[in-house]
Amino acid sequence: MSEKRMFIKGNEAIAYGALAAGLRCYFGYPITPQNDIPEFLSKALPDAGGEFVQAESEVASANMLLGAAACGVRAMTTSSSPGISLMQEAISYMAGSELPGVIVNMNRGGPGLGDIGPSQGDYFQSTKGGGHGDYRLLVLSPSTCQEAYDLIIAAFDLAFKYRNPVLVLGDAILGQMKEPVTTWKPEPVSPAEGGDWRLDGASGRPKRLLKSLFLDEGELAGQNLRLDAKYKSMQAEVRFEAYQTEDAELVVVAHGSIGRIAKSAVRSLRAAGEKVGLFRPITLYPFPTQALAELAAQGKRFLTIEHNMGQMVEDVRLAVRFHADSGFHGLLPGNMPTPDEIEAPIRSALSR
Amino acid sequence: MKDELVFERPSVMTDRGMHYCPGCHHGVAHRLVAECLVEMGLVEKTIAVSAIGCSVFLYNYISVDTVEAPHGRAPAVATGVKRARPDAFVFTYQGDGDLASIGLAEIMHCANRGERLTVVFVNNTVYGMTGGQMAPTTLIGQKTTTCPGGRCQDREGGPMNMAEIIAGLGGTVYSTRVALDSVKHIVQAKKAIKKAFTIQEQDLGFGFVELLATCPTNWRMTPLQANERIAKEMIPVFPLGVFRDATGEGGGK
Ligand SMILES: Cc1ncc(C[n+]2csc(CCOP(=O)(O)OP(=O)(O)O)c2C)c(N)n1
Ligand code: SF4
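Chains as they are written, first to last, in this note's numbering: chain A, 1 to 352; chain B, 353 to 605.
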């Protein structure tokens with residue numbers, strides 16, 4: 001593992017991480033605030049022997065991803081909110097056909113054209129499907145440039161482990177800030193990855209078929225049951241950060257960039273003697289329901305803070321419902337909140 | 353007397369009974385594609401992209417590695433396949449609703465980039481699978497379930513000539529239109545498919561073959577009437593010929 005320290009943007013950390021993970025094909029279409037990723041990869045990926053295509057649209061990008069994924073190679077597309085909406089059909093087909101691929105959403109404000117500032121408005125779209133039908137994505141939410149680098153590498157491994165698309169959800173804060181990142185190289189990808197299902201021409205073996213159409217009676221039911229079992233097995237991947245939650249009376253729940261800013265607020269409130277902690281889900285699907293339920297059983301109170309009008313709070317409430325409820329504080333999209341802005345709602349929740 | 357086998361199924365075709373309606377040309381088109389794959393020794397390196405429409409079940413009849421694409425997106429999926437596996441032989445098989453309507457952007461950009469793959473385009477002037485609605489290739493005056501009074505130029509626009517449109521794009525090496533209504537035309541069609549496949553094998557660029565085909569069911573015709581309609585009504589609007597041939601072998605512009 002050759003390590004190197006670099007001072008780079010979150011978007012660049014994603015591009016470097018994908019290269020380190022063995023990215024072979026990248027497809028994308030320009031949209032702010034993630035353009036650094038395709039701009040970087042348009043040179044770096046061909047230099048590394050891979051394929052870069054600027055597609056005619058996000059619809060095409062996601063379908064190119066589907067095609068490359070069907071061949072069992074490591075492939076990725078990146079975009080931001082409206083672009084991700086356009087990709088949803090292909091993502092649903094990938095889930096239905098059980099194809100691995102990595103999709104990065106540097107979330108911006110919506111609905112509609114909204115603005116290009118940071119937001120967490122795509123939580124529902126990311127975690128509850130987004131496209132049509134009964135399916136789930138593994139969803140990872142990094143909060144620092146280092147974590148972006150680490151999680152994009154994990155995303156490729158998970159995509160192949162589960163033969164499922166993996167979504168990495170960031171935002172304009174993560175994409176545009178610069179920090180020191182320690183890059184590292186994972187084990188090289190086996191050229192045989194995706195071995196028993198990938199398409200490479202049926203030489204010396206029976207043909208293979210990757211599809212999501214199941215018309216015969218009971219066939220789709222069987223497929224959906226199998227998929228459901230797979231989604232349940234993803235529980236093994238739950239990741240979260242619990243910071244000073246042991247003796248906390250109030251647990252702040254926040255993810256991604258907001259989770260990181262909330263951590264600063266919690267740290268300064270701790271310094272002021274307040275019994276407050278932070279719970280930061282890293283996997284948004286599977287959601288760390290069990291861990292939150294355990295905290296609730298210890299009698300803690302909860303405050304969910306998001307950069308939207310209230311989306312993840314529904315999952316938090318489901319998790320804690322047998323013992324507690326969760327308050328909610330929504331930060332308005334379009335700008336980067338400061339720890340002070342986050343401290344105020346936490347203080348008022350503490351005094352309630 | 354010894355039996356002599358004069359006609360058999362190409363080895364890459366399954367013996368499954370086809371689901372296509374009597375007189376439908378999808379079966380003929382499948383067979384031509386299959387014969388070319390076998391005769392050119394491509395079977396073991398082929399990755400097919402099946403599209404949405406009556407032909408989505410291509411993979412039930414032709415035994416090659418296959419991935420299914422969303423409606424209209426086969427050229428984008430095929431781009432991903434070919435970029436991931438440049439050594440594979442890649443083709444899409446698409447209907448007119450799929451290719452000329454919802455997937456117009458994907459086919460044009462795929463051709464324009466000169467992706468090293470082959471598109472087999474089956475033009476039957478109607479949406480077959482969904483029950484006979486108007487397609488971008490529906491003829492003026494042709495009645496469909498969504499233009500019951502007949503397609504009207506002023507209201508719905510005219511039929512789109514895809515082989516000519518694709519021929520005008522820079523990455524296209526070969527674009528041709530053939531028909532499946534007579535033995536002579538079927539022989540020409542096979543030659544065209546073979547040539548397009550060869551162009552991919554030579555890594556020259558994008559190849560496009562439009563096949564004029566029947567849909568007796570949605571045309572509300574007998575198979576014979578449907579066959580005759582191709583010569584009488586379709587060829588005058590969709591002329592047969594080579595619209596681009598950049599291999600230098602002549603025949604096109
Ligand atoms: C996104 C989307 N829109 C609509 C459909 C419904 N649909 C299925 S087949 C089809 C038309 C196919 O027509 P064509 O490509 O001409 O093929 P044919 O059936 O005539 O062979 C449509 C609209 C779909 N499957 N997906
Ligand atoms: S509906 Fe038309 S295109 Fe479809 S199988 Fe029947 S005849 Fe063929």
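Beta carbons are placed, not taken as given, at the ideal position from N, Cα and C, and that holds for glycine.
Would you kindly work out how many angstroms separate the C-alpha atoms of Y372(B) and G493(B), rounded to a whole number?
-> Rounded to the nearest whole angstrom, the CA to CA distance from Y372(B) to G493(B) is 26 Å.
Does the beta carbon of V385(B) fall short of 8 Å from some heavy atom of ligand 2?
-> No, ligand 2 has no heavy atom inside 8 Å of this Cβ.
Just checking, does the segment 263-273 of chain A make contact with the segment 210-230 of chain A on the three C-beta pairs under 8 Å criterion?
-> Verdict: no, contact absent.
Chain B contact residues for D200(A), given Cβ-Cβ distances below 8 Å = Close to D200(A), with beta-carbon spacing below 8 Å, are these residues of chain B in chain order: I399, D417, R437, A440.
How about A578(B): is its C-beta nearer than 9 Å to some C-beta of chain A?
-> Not closer than 9 Å to any Cβ of chain A, the Cβ of A578(B) fails to qualify, so no.
Beta-carbon proximity check, N308(A) vs L292(A), cutoff 9 Å | With respect to L292(A), N308(A) sits apart: the two C-beta atoms are not nearer than 9 Å.
CB-CB length for P180(A) against A265(A), believed under 8 Å = Between A265(A) and P180(A) the Cβ distance is about 23 Å, and since that is not below 8 Å, they are no contact.
Measure the beta-carbon distance from G334(A) to G117(A) and round it to whole angstroms, keeping in mind my assumption that it falls under 8 Å.
-> The pair is a contact, with the Cβ atoms about 4 Å apart (cut-off 8 Å).
Of the residues that make up the segment 206-225 of chain A, which ones have a beta carbon closer than 7 Å to any beta carbon in chain B?
-> Closer than 7 Å at the C-beta level to chain B, one finds these residues of the segment 206-225 of chain A: K207, R208, L209, L210, K211, S212, L213.
Run the proximity test for Q311(A): is its beta-carbon closer than 8 Å to any non-hydrogen atom belonging to ligand 1?
-> Short note on Q311(A): C-beta not closer than 8 Å to any heavy atom of ligand 1.
Considering only C-alpha positions, which residue in the set N412(B), G432(B), F590(B), T431(B) is nearest to I517(B)?
-> Checking every option, the nearest Cα to that of I517(B) belongs to F590(B).
Would you identify the three-state DSSP class for L199(A), choosing helix, strand or coil?
-> Note: L199(A) maps to coil in three-state DSSP.
Hey, how far is the Cα of S363(B) from the Cα of I551(B)?
-> Cα to Cα, the separation comes out at about 23 Å.
Min CB distance Y411(B) to chain A below 9 Å = With 9 Å as the cut-off, Y411(B) counts as an interface residue toward chain A.
Where does T144(A) fall in DSSP's three states?
-> Here T144(A) sits in coil by DSSP.
Compare the C-beta of S42(A) against all C-beta atoms of chain B and say whether one is closer than 9 Å.
-> Cβ-Cβ to chain B under 9 Å: no for S42(A).
Show which residues of chain B have a CB atom less than 7 Å away from the CB atom of C145(A).
-> By Cβ distance, chain B contributes nothing, its closest Cβ being about 29 Å from C145(A), past 7 Å.
Does the distance from the C-beta atom of E314(A) to that of H329(A) stay below 9 Å?
-> Taking a C-beta distance under 9 Å as the contact criterion, E314(A) and H329(A) do not qualify as a contact pair.
Taking C-beta to C-beta, are Q34(A) and V139(A) nearer than 9 Å?
-> No. Outside cutoff.
Applying the criterion that 16 or more other CB atoms from any shown protein chain within 10 Å of the CB defines a buried residue, is G49(A) buried or exposed?
-> That one is exposed.
For V408(B) and chain A, any beta-carbon pair shorter than 9 Å?
-> For V408(B), the answer is yes, since a Cβ of chain A falls inside 9 Å of its Cβ.
May I ask you to verify whether the segment 187-207 of chain A touches the segment 243-262 of chain A, counting CB pairs closer than 8 Å and requiring at least 3?
-> Judged by Cβ distances under 8 Å, the segment 187-207 of chain A makes no contact with the segment 243-262 of chain A, as fewer than three pairs qualify.
Secondary structure of S85(A), DSSP reduced to three states = When DSSP states are grouped into helix, strand and coil, S85(A) belongs to the helix group.
Quickly, what does DSSP pair F27(A) with across the bridge? List them, please.
-> Answer by DSSP bridge pairing, in chain order: V53(A), T77(A).
Report yes if the C-beta distance between A440(B) and G201(A) is below 9 Å; otherwise report no.
-> Against a cut-off of 9 Å, the Cβ pair of G201(A) and A440(B) comes out as a contact.
In or out: L158(A) buried (at least 16 other Cβ within 10 Å) or exposed?
-> Looking at its Cβ environment, which holds 16 or more other Cβ atoms inside 10 Å, L158(A) is buried.
Could you list which residues in chain A have their beta carbon closer than 7 Å to that of T431(B), in chain order?
-> Under a criterion of Cβ atoms nearer than 7 Å, the residues of chain A adjacent to T431(B) are, in order, V53, M64, G67.
State the beta-bridge partners of Y526(B) as determined by DSSP.
-> DSSP links Y526(B) through a beta bridge to G559(B), D597(B).
So which residues on chain B does F156(A) lean against when the C-beta distance must stay under 7 Å?
-> Going along chain B, no residue has its Cβ under 7 Å from F156(A), so there is no contact; the nearest lies around 14 Å.
In terms of residues, what are the limits of the alpha helix (DSSP H) holding H382(B)?
-> Looking at the DSSP string, the run of the alpha helix (DSSP H) that includes H382(B) is 378-391.
Give the secondary structure of V364(B) by DSSP, where H, G and I count as helix, E and B as strand, and everything else as coil.
-> It is coil, neither helix nor strand.
Within its chain, find whatever has a CB closer than 7 Å to the CB of F52(A); leave out the 5 residues flanking it on each side and keep chain order.
-> For F52(A), where only same-chain residues beyond five positions count, the Cβ hits under 7 Å are Y26, L41, S42, L45, P46.
Local Cβ density within 10 Å of D417(B), reported as buried at 16 or more and exposed below that | With a threshold of 16 other beta carbon atoms within 10 Å, D417(B) meets it and is buried.
Opening and closing residue of the beta strand (DSSP E) in which E179(A) lies = Annotation for E179(A): the continuous beta strand (DSSP E) segment containing it runs 178-183.
CB V401(B) to CB V380(B), shorter than 9 Å?
-> At a Cβ-Cβ threshold of 9 Å, V401(B) and V380(B) do not count as neighbours.
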